[in-house]
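Counting the sequence shown from 1 gives a position; the numbering used here is that position plus 28.
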Amino acid sequence: MSSIARDASQSNIFKSMKDITFEQTISHQCGVTMNDSVEARAIAEFMGLKPGVTVTYAPAMIRIDGNGKLIFRMDDISEYLGREMTAEIFEVNTSTHYGRMVRIDDNEVILFGDMDEVFAYI
29 MSSIARDASQ SNIFKSMKDI TFEQTISHQC GVTMNDSVEA RAIAEFMGLK
79 PGVTVTYAPA MIRIDGNGKL IFRMDDISEY LGREMTAEIF EVNTSTHYGR
129 MVRIDDNEVI LFGDMDEVFA YI
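Following this line, the structure appears as structure tokens:
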């Protein structure tokens with residue numbers, strides 16, 4: 029595991045129930061949970077380099093969370109991975125997401141936490 033992966037995994041988003049407080053607010057967070065794979069690890073490591081992105085590694089899954097929006101550009105991920113990453117491969121590795129997912133084109137998938145911002149794309 030690279031030092032990037034180790035550093036990202038230390039900022040775990042999961043909390044014990046005793047540490048959770050429920051508020052009547054809108055968070056504007058968004059995220060994706062991916063099945064653990066070579067591709068998912070590359071996506072997580074690459075996205076973990078971006079400010080405001082939290083990557084959490086768990087057995088058999090990787091979670092990527094952000095605030096506002098997460099932009100996944102397949103050409104950038106392909107370069108990091110060392111082979112082609114397509115939007116279809118990205119979606120196969122994605123087991124679930126929260127926020128609004130919009131596929132802009134074959135190169136870009138965006139997750140929006142701020143629903144008002146989605147309207148520019150639909």
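Cβ coordinates follow ideal geometry from the N, Cα and C atoms, glycine included.
Here the structure is a predicted model, which means the values were calculated and not measured.
Counting C-beta atoms within 10 angstroms of its own C-beta, residue 121 has 16 or more neighbours from the protein chains shown and is therefore classed as buried. In this structure residue 125 touches residue 60 by the C-beta definition: roughly 4 Å separates them, less than 8 Å. For residue 53, the closest alpha carbon among the candidates 80, 133 and 141 is that of 141. DSSP assignment within the stretch 105-148 yields the following whole alpha helix (DSSP H) runs of 4 residues or more, N-terminal first: 115-121 and 143-146.
Going by DSSP, residue 75 is part of the alpha helix (DSSP H) stretching over 66-76.
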